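Residues in the sequence shown are numbered from 1 upward in steps of one, following the UniProt record's numbering.
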Amino acid sequence: MKIKEERQDLNEVEERYKDQKDHDVNGEKSVSCSIKSTEVKRIFSCSQCGNTFACNRNLKRHMLIHAGIKPFSCSQCGKSFTQKASLKKHMLIHAGIKPFSCSECGKSFTQKGQLNKHLVTHSSEKPFICSQCGKSFTQKASLEKHMLIHAGIKPFSCSQCGKTFAYKLSLKRHMLVHAGIKSFSCSQCGKSFTEKGQLEKHMLIHTGRKSFSCSQCEKSFTRKGYLMDHMLIHAGIKSHSCSPCGKTFTHKVSLKRHMLIHAGIKPFTCAQCGKTFTQKGQFNNHLVTHTS
């Protein structure tokens, strides 16, 4: 009698296991990342960066990033991607499809993320401030790129002259110099420039307009960059140091002028007495002695 009861219990267990197995095979449970609400939800964590995922397959897909594996390649330009979704977004560029448009200026973008970044430029808020020079930016990425300047990191090198740049865009602009392309000409003096921005800055010389004023000494400048350089004087920041004598300077150009002293180079010569000078300012002061 006891053996019969045990066999009956065993049959019930086997039936339950069979039902569960059939349930998994039918795909109603096994291929899903969802877990019964009564069970403890399992979290899959990345051992390298700590990111968590609800599914093991999502974790495996994520691990391709750390492994540097990019199995999805663009047939048009050869660029490769870790995920298929990223390749699909990239293909919009070749197709010329830009579904996300800015309501402010009408500029369109292939991705929503690009539009969101662009929208910040229309805002007057610049929450990301450089701790070294005070320059502010609308985006964190722009601040991080800017910090390369202070760090002296210039990873982009010109193959023709060896000059290095902090930004890839700066290198591209520089290459126009070697190509001799100067598409932007000044209507007043005929001077030509490789970039439109250079021409616009140059035009301030002819207009004489100095829109950027120092709040501490009221000195004004034609360019914002000149004002920012000038503000370093008030801040007492002298980040450029002479290696032979240790003298420090606010501006890099001042250090370069100073280095002429150690090199013994005196490019400015007085036509009247033959005396030579390292700097133009010294030369001009000397010329006054001949007029008095």
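Ideal placement from N, C-alpha and C gives every residue a C-beta, glycine not left out. Only a predicted model underlies this, so the values are computations on that prediction, with no experimental measurement involved.
{"Check": "Buried/exposed call for ALA166, threshold 16 Cβ in 10 Å", "Outcome": "buried"}
{"Check": "Where the alpha helix (DSSP H) containing SER254 begins and where it ends", "Outcome": "252-263"}
{"Check": "Segments of 4+ residues assigned as alpha helix (DSSP H) that fall wholly inside the UniProt domain \"C2H2-type\" (156-183)", "Outcome": "168-179"}
{"Check": "N- and C-terminal bounds of the alpha helix (DSSP H) containing GLY113", "Outcome": "112-122"}
{"Check": "Coil, strand or helix - THR269 by DSSP", "Outcome": "strand"}
{"Check": "Rounded distance between the beta-carbons of LYS182 and THR194, thought under 8 Å", "Outcome": "5 Å"}
{"Check": "Same chain, Cβ closer than 6 Å to THR38, five either side skipped, listed in chain order", "Outcome": "With a pLDDT of 49 at THR38, under the threshold of 50, the modelled position of that residue is not reliable, and the figure given next carries that caveat. Excluding sequence neighbours, THR38 sits near nothing in its chain."}
{"Check": "Cross-strand partners of SER80 (DSSP beta bridge)", "Outcome": "SER73"}
{"Check": "Residue environment, THR291, which counts as buried when at least 16 other CB atoms sit within 10 Å", "Outcome": "exposed"}
{"Check": "Separation of LYS88 from ILE237, as counted between CA atoms", "Outcome": "49 Å"}
{"Check": "Start-to-end residues for the alpha helix (DSSP H) that takes in ILE205", "Outcome": "196-207"}
{"Check": "Three-way DSSP call (helix, strand, coil) for ASN284 in this model", "Outcome": "helix"}
{"Check": "Three-way DSSP call (helix, strand, coil) for THR248 in this model", "Outcome": "strand"}
{"Check": "Validate contact between the stretch 144-153 and the stretch 242-254 using beta carbons, cut 8 Å, 3 pairs", "Outcome": "no"}
{"Check": "Complete runs of the alpha helix (DSSP H) confined to the UniProt domain \"C2H2-type\" (212-239) [at least 4 residues]", "Outcome": "224-235"}
{"Check": "Top-ranked residue by Cα proximity to THR110, from LYS117, HIS90, GLU125, SER103", "Outcome": "HIS90"}
{"Check": "THR276 in three-state terms, based on DSSP", "Outcome": "strand"}
{"Check": "Beta-carbon proximity of PHE81 to LYS70, cut-off 7 Å", "Outcome": "yes"}
{"Check": "Nearest neighbour of CYS49, chosen from HIS66, ARG61, LYS126 [CA to CA]", "Outcome": "HIS66"}
{"Check": "Contact check, ASP229 vs HIS251, beta carbons under 7 Å", "Outcome": "yes"}
{"Check": "Extent of the continuous alpha helix (DSSP H) run through ILE65", "Outcome": "56-67"}
{"Check": "Option in VAL120, GLU125, CYS55 with minimal Cα separation from CYS105", "Outcome": "VAL120"}
{"Check": "Beta-carbon gap between HIS62 and CYS46 smaller than 7 Å", "Outcome": "yes"}
{"Check": "Own chain, CB closer than 7 Å to LEU227, minus 5 neighbours either side, in chain order", "Outcome": "PHE212, CYS214, PHE221"}
{"Check": "Bounding residues of the alpha helix (DSSP H) (the contiguous stretch that carries GLU144)", "Outcome": "140-151"}
{"Check": "Assigned secondary structure, SER86 (DSSP; H/G/I helix, E/B strand, else coil)", "Outcome": "helix"}
{"Check": "Spatial neighbours of CYS158 in its chain, beta-carbon cut-off 8 Å, leaving aside the 5 residues before and after", "Outcome": "THR164, PHE165, LEU171, HIS174, MET175, HIS178"}
{"Check": "Expected contact under 8 Å - CB spacing of THR269 and THR278 to nearest Å", "Outcome": "So it is not a contact: roughly 11 Å between Cβ atoms."}
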